[in-house]
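Just so you know, the protein sequences line up as chains E and L, in that order. Mapping the first sequence onto our numbering, position 202 (from 1) lands on 427, and the numbers just tick up by one. Mapping the second sequence onto our numbering, position 258 (from 1) lands on 432, and the numbers just tick up by one. Even glycine gets a Cβ: it sits at the ideal position worked out from N, Cα and C. Heads up, the thing below is written out as structure tokens.
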Amino acid sequence: MMNARIEEGITPRTGKQAGDDFITVEGLGKTFSENRMFGSSGSAVRAVDGASFTVRRGETLALVGESGCGKSTLGRLLLRLIEASEGEVTVDGTRLMALSQGDMRNMRAKMQMIFQDPYGSLSPRRSISQIISEPLEVFGMVQSSRQRRERVAELLSQVGLSPTFMDRYPRQFSGGQRQRIGIARAISVNPQFIVADEPVSALDVSVQAQIVNLMQDLQQSRGFSYLFIAHDLSVVRHIADRVAVMYLGRIVEIGPKARIYNAPSHPYTQALLSAVPEPDPETRRARIILKGDVPNPANVPSGCSFHTRCPIAQDICKRERPKLAETATATATATEIGHLAACHFAKPMPIPVG
Amino acid sequence: MTQTPMTQAPVLAQGQSATATTKPARPLLKVENLSVEFGPKASPIRVVNGVSFEVDAGGSVGIVGESGSGKSITSLAVMGLIPSPPGRIVEGRVEFEGTNLLEMQKARLPDIRGRDIAMIFQEPMSSLNPVMTIGDQIGEAIKLHEKMSREQRRERIVELLKLVGIPNPEGRLGAYPHQFSGGMRQRVMIAMAVACNPKLLIADEPTTALDVTIQAQVLELMHKIRRTLNTSILLISHDLGVIADVCERVVVMYAGRVVEEADVKSIFRNPSHPYTRGLLQSIPRLNDERSRLYQIPGSVPLAGTVKKGCPFFARCPDRIGRCAEEMPPMFAVSKSQRAACWVTAGANEGATAAVTAGVTAGGGVSEGATA
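Here you go:
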């Protein structure tokens with residue numbers, strides 16, 4: 226019965242509309258306990274803490290934050306590549322946490338992943354054809370070797386590579402080409418959702434533009450959703466529909482792209498945006514320089530975890546953890562709704578600059 | 175290092191570039207027609223090809239380029255740090271305060287390196303000694319170049335740590351590198367680099383491994399170093415945002431060659447080389463409303479594979495027949511901007527003639543060809 230439901234989901238003709246919620250995440254969390262090798266007591270790290278959000282059909286939700294904020298872990302929790310400690314992920318009506326390993330494997334035909342490191346994520350001893358067709362074979366989507374080669378050729382040309390590359394090996398390709406191969410593999414099974422974990426971070430600027438454009442073109446023609454994990458806010462600005470900002474395992478702000486970039490309402494988001502060096506020597510934005518480093522995730526500060534670095538923190542911030550709450554006022558327009566921030570003093574541009 | 179600096183050196187000395195004539199003072203660093211090869215001598219791969227640029231005293235110059243452009247090798251060559259074998263500098267001059275470092279005795283080089291010219295790298299952990307306290311490591315840099323009593327040295331170390339913004343510096347002298355975060359390690363590296371008040375600080379991708387809020391702190395620190403110590407900066411980066419933030423002049427490298435060199439405003443407002451233009455158009459920006467990014471077709475050629483003509487020819491939207499055959503020399507576009515492009519040169523007829531004498535980065539292409 227489970228399979229029947231999945232089969233139905235794969236076909237694009239289900240009458241479901243772009244913009245509907247495709248994935249719903251509720252209270253998702255992951256606690257890693259440090260290994261106790263030398264008899265040390267070991268402290269627990271809450272890598273992801275109470276994440277709740279939705280991903281709509283055909284949209285790109287970007288997940289941004291600095292290293293160690295838990296964004297990659299969250300991406301993997303969604304695919305159950307890492308098992309969650311608590312919470313639920315519902316994909317197209319199916320609750321993932323209850324699925325058996327086998328049912329989960331079938332589910333992955335809908336949910337694929339693109340990795341950051343185009344050098345490390347492709348097996349060096351398998352041909353391009355073998356790498357791309359592996360998911361097709363796992364899900365029984367090709368019957369004969371002729372059919373397989375035809376499908377691989379088609380996929381290669383869709384990602385802008387020559388089908389004649391099929392019998393070559395990863396080492397013969399550049400970083401950008403390898404990332405195209407990774408993308409071809411991910412889209413081979415017609416997924417409806419792709420987690421892309423820093424897909425362009427390791428690439429040169431001119432190659433990065435090519436891959437970003439390719440990812441957008443594929444999304445437009447196939448209508449799948451992306452969870453686009455990145456630390457580069459300029460790339461995110463370009464590709465995302467909505468943006469979620471993470472700090473120390475928690476989502477501190479989420480909303481439509483225009484709101485996040487034009488009216489950041491959490492002080493961390495505002496500082497993060499102001500820190501991006503603009504490729505223009507004549508626009509010097511007032512940069513907000515945060516004090517110190519991100520605290521150790523094994524020892525998250527009390528209350529609002531950002532209070533140790535926040536320029537506008539008050540006493541309440543040390544005591545009470547702010548809820549992720551709607552920022553829109555009663556008079557908000559439709560485009561402003563769905564903009565949430567977890568700050569006791571949330572308002573557009575909360576840190577005064579001048 | 176078999177070939178001594180080229181025979182045309184005196185000619186180049188007379189034929190000052192357009193920029194040099196406007197400021198009579200001698201530049202602090204002058205790199206001239208520098209070429210670096212790797213691999214066997216019988217079939218060498220030229221990774222840096224006829225590179226020329228200058229850094230003025232107190233100035234800040236950025237070298238920008240993608241991987242394989244030769245920007246890091248150029249900076250290593252300036253420091254005399256090219257691993258040899260397999261690498262070697264085959265021609266050119268690296269003049270520091272008028273002295274050609276390439277002709278200097280090997281034994282004297284460490285004197286200048288570390289004291290007058292210091293370098294910081296992308297990955298601070300690999301440049302710090304993991305089993306030595308940071309106090310001792312900074313102290314060692316001072317001990318090498320300056321005579322001081324133990325107490326004076328300790329005071330100097332604390333002062334340096336304070337300068338780079340390490341909280342509680344007295345308390346951190348005995349700490350080891352692993353006890354610091356990435357951003358703090360980069361600060362320690364910078365403290366070590368500026369320990370002897372260098373005249374030139376070479377920074378190779380100093381913030382690439384850092385998070386954006388930490389990057390902002392380190393960039394701020396670099397501004398502070400320039401302000402308080404009057405240190406000149408040569409910054410190597412792939413990030414045009416970082417370059418725009420720190421540098422007054424910019425050198426754009428592509429496939430081992432300098433393709434454009436200008437003041438930072440001209441690079442961003444009026445880029446003259448098609449590669450610079452493509453690069454600037456392909457970066458997403460925070461205030462971007464475009465639905466698609468501009469993409470430069472193709473990819474960077476492998477080092478040493480372009481045998482003749484302009485290395486950007488295959489990807490260039492503006493190419494003409496001549497580009498396939500001859501490497502263009504540097505043409506002056508304006509008083510403070512030069513670009514190695516036949517098409518740009520053709521569009522600036524007036525400029526063309528004025529330049530030929532100032533060609534410093536033509537890399538062996540005959541100057542007569544411009545006529």
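In this structure the stretch 314-328 of chain E does not lie against the stretch 287-294 of chain E, because fewer than three pairs of beta carbons, one per stretch, are closer than 8 Å. Between the alpha carbons of Ile-286 (chain L) and Gln-296 (chain L) lies a distance of about 22 Å. For the stretch 378-391 of chain L, the beta-carbon criterion of a distance under 8 Å to any beta-carbon of chain E is satisfied by Asp-385, Val-386, Thr-387, Ile-388, Gln-389, Ala-390, Gln-391. Among the CB atoms of chain E, none fall inside 9 Å of the CB of Phe-212 (chain L). Val-273 (chain E) and Thr-249 (chain E) do not touch by the CB rule: their CB atoms are close to 16 Å apart, not below 8 Å. Between Val-425 (chain E) and Val-460 (chain E), the gap from beta carbon to beta carbon is short of 9 Å. Every alpha helix (DSSP H) stretch that sits fully inside the stretch 294-372 of chain E and reaches 4 residues is listed by chain position as 296-303, 326-332, 353-363. Inter-segment contact for the stretch 388-405 of chain E and the stretch 442-451 of chain L is absent: fewer than three beta-carbon pairs are separated by less than 8 Å.
Under a 10 Å Cβ-count criterion, Glu-206 (chain L) is classified as buried, with 16 or more other Cβ atoms of the shown protein chains found around its own Cβ. Taking 9 Å as the cut-off between beta carbons, the residues of the stretch 395-419 of chain L near chain E are His-412, Asp-413, Leu-414, Gly-415, Val-416, Ile-417, Ala-418, Asp-419, in sequence order. Within a 10 Å sphere around the beta-carbon of His-532 (chain E) sit 16 or more other beta-carbons, which makes this residue buried. Counting C-beta pairs closer than 8 Å gives fewer than three between the stretch 475-484 of chain E and the stretch 498-515 of chain E, which falls short of the contact rule. A distance below 6 Å between beta-carbons, with the five flanking residues on each side excluded, links Leu-283 (chain L) to the following residues of its chain, in chain order: Gly-254. Cβ contact annotation for Asn-223 (chain L) (same chain, cutoff 7 Å, sequence separation greater than five): Ser-209, Gly-430, Arg-431, Gly-537, in chain order.
When Cβ pairs closer than 8 Å are counted between the two stretches, the stretch 323-334 of chain E is seen not to touch the stretch 512-521 of chain E, the count staying below three.
Interface residue (Cβ-Cβ distance to chain E less than 9 Å): Ser-246 (chain L) is not classified as such. Look at Phe-570 (chain E) here: in three-state DSSP terms it is coil, with no helix or strand label.
For the stretch 449-467 of chain E, the set of positions with a beta-carbon nearer than 9 Å to some beta-carbon of chain L reads His-456, Asp-457, Leu-458, Ser-459, Val-460, Val-461, Arg-462, His-463, Ile-464 in chain order. Within the DSSP secondary-structure output, Val-205 (chain L) pairs in a beta bridge with L:Phe-227, L:Val-268.
Val-362 (chain L): member of the alpha helix (DSSP H) spanning 356-367, first to last residue. Using a Cβ-Cβ distance cut-off of 8 Å, the stretch 304-324 of chain L and the stretch 379-389 of chain L are not in contact, since fewer than three pairs of beta carbons, one from each stretch, lie closer than that value. Look at the stretch 327-353 of chain L and you find these whole runs of alpha helix (DSSP H), each 4 residues long or longer: 343-346. Closest by C-alpha distance to Gln-445 (chain E), out of L:Met-396, L:Ala-367, L:Ser-465, L:Ser-456, is L:Ser-465. According to the DSSP assignment, Asp-422 (chain E) belongs to the beta strand (DSSP E) that extends over 418-422. The Cβ of Gln-444 (chain E) sits no closer than 9 Å to any Cβ of chain L. In the structure shown, the three-state DSSP call for Asp-245 (chain E) is coil. Within the same chain, Val-437 come within 7 Å of His-463 (chain E) by CB-CB distance, once the 5 residues on both sides are set aside. Beta-bridge pairing by DSSP links Glu-503 (chain E) to no other residue.
Minimum Cα-Cα distance from Gly-275 (chain E) among the listed residues E:Pro-577, E:Asn-521, E:Glu-561, E:Arg-546 corresponds to E:Arg-546.
Remark: C-beta atoms of Val-474 (chain L) and Ser-243 (chain L) approach each other more closely than 9 Å.
Non-local beta-carbon contacts of Arg-220 (chain L) in its own chain, meaning distances under 7 Å to residues more than five positions away in sequence, involve Ser-209, Glu-211, Gly-430, Gly-478 in chain order. The contact set of Val-430 (chain E) on chain L, defined by CB atoms closer than 7 Å, consists of Glu-240, His-412, Leu-453, Ser-456, Ile-457 in chain order.
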